[in-house]
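Notes follow the structure.
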Amino acid sequence: MNIFVFLLLGLGIGYLLRRKGKRVSLEVPTNAALVLMIFFLGVKTGEVKVDALWLLGSSLLFAVLTVLGSMVVALGVSK
Amino acid sequence: MRILYFVLISLIAGVLVGYFLHPDFGNTYEIMLDVLILLIGVDLGMSINSKEIKRLGKKSLVLPLETLVGSIVGGTIGAVILGTDLKWGLAIGAGCGWYSITGPLIAKYSAVYGAIGFLGNLMREILTIILYPIVIRWVPKEKAVVMGGATTMDTTLPVITKFGGREAGLVAFVHGFILTAIVPFIVPIILAL
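Chains as they are written, first to last, in the working numbering: chain X, 1 to 79; chain P, 1001 to 1193.
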């Protein structure tokens, strides 16, 4: 639920900035935070102990098929 | 596109550091995520208006259902290919990328499939981060949001907003929000079948 607190806080700050007519460029801080977050996600992934290639292969199979399934349904159901 | 290379290098570097060094970064990942969400909120707050949100309406409600159905179908096909009980495939698919809840929920019934539920959904998140910027060359940006499942509300939202734009970011947030509300109910129901 933390996510909502930060999102709503950001929306509030952004709204206030807009009302004051100030436009702040967030490109650099957003990119920096994104790269750092992905790094730490990688660290978490690297720490996962996998004792069998089957486990990895099966997980990858499910990952690919669930992504593909969602894409096919989304593209097929509504234009 | 330069940021994509930084993201990929960052991910690979992180995996190598995690695998070989096992550092304890505490909750740094969560802090960075909160910072990102705050920055995204500020950016959205500076640019969105009520007309834009109204325009998203129906599209934002239909997409999560399509994601869930497609994901469950994908999980079922995976179970058939691996020759395992369909229940595991259904549950892993219904996780919609939310690895931190899907893995532990399935692990209550099977440690092995709990691990697959965790890793498979984690990989879905990583695939979305890597592939979303590429897939949107051929697929509409708002539709491609389905790749991320429930993660489009938080972890994959920065990538979607960065490469898909603010409107795709808004669709992604509502999409992820609805799935986040559904997944904790659907996965246990499937496991109890």
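Ideal placement from N, C-alpha and C gives every residue a C-beta, glycine not left out.
Rounded C-alpha distance that separates P:L1204 from P:G1149: Residue coverage of chain P in this structure runs from 1001 to 1193, which leaves residue 1204 of chain P outside it and unanswerable.
Distance CB(X:A33)-CB(P:V1035) smaller than 8 Å: Walking along the first sequence from the start, residue 33 of chain X turns up at place 33. Walking along the second sequence from the start, residue 1035 of chain P turns up at place 35. Yes. Within cutoff.
Three-way DSSP call (helix, strand, coil) for P:A1192 in this model: What you label residue 1192 of chain P is simply residue 192 of the second sequence in a count that begins at 1. Three-state result, P:A1192: coil.
Near-chain P residues of the region 29-45 of chain X (beta-carbon distance less than 7 Å), N- to C-terminal order: P29, T30, N31, A33, L34, V35, L36, M37, I38, F39, F40, L41, G42, V43, K44, T45
Beta carbon of X:I13 nearer than 8 Å to that of P:V1007: If you number the first sequence from 1, residue 13 of chain X lands on position 13. If you number the second sequence from 1, residue 1007 of chain P lands on position 7. Contact flag unset, no.
C-beta atoms of P:E1142 and P:A1168 nearer than 8 Å: What you label residue 1142 of chain P is simply residue 142 of the second sequence in a count that begins at 1. What you label residue 1168 of chain P is simply residue 168 of the second sequence in a count that begins at 1. Their beta carbons are under 8 Å apart, which means P:E1142 touches P:A1168 by this criterion.
Minimum C-alpha distance to P:T1076 - residue among X:V67, X:A74, X:L75, X:G76: On the second sequence, residue 1076 of chain P is found 76 positions in, with the first residue counted as 1. Taking only the C-alpha atoms, the option nearest P:T1076 is X:V67.
Cβ-based contacts, 9 Å cut-off: residues of the region 1126-1142 of chain P near chain X: I1126, L1127, T1128, I1129, L1131, V1135, V1139, P1140
Same chain, Cβ closer than 6 Å to P:I1106, neighbours up to 5 away in sequence not counted: The count along the second sequence starts at 1 and reaches residue 1106 of chain P at position 106. These residues qualify, in order along the chain: A1091, Y1113, G1114, G1117.
Short CB-CB distance (under 8 Å) between X:L53 and chain P: Taking the first residue of the first sequence as 1, we reach residue 53 of chain X at position 53. Answer no: the Cβ-Cβ gap between X:L53 and chain P never drops below 8 Å.
Closest by C-alpha distance to P:G1176, when choosing among P:I1160, P:D1085, P:V1073: The sequence position of residue 1176 of chain P within the second sequence is 176, counting from 1. P:G1176 has its Cα closest to that of P:I1160, out of P:I1160, P:D1085, P:V1073.
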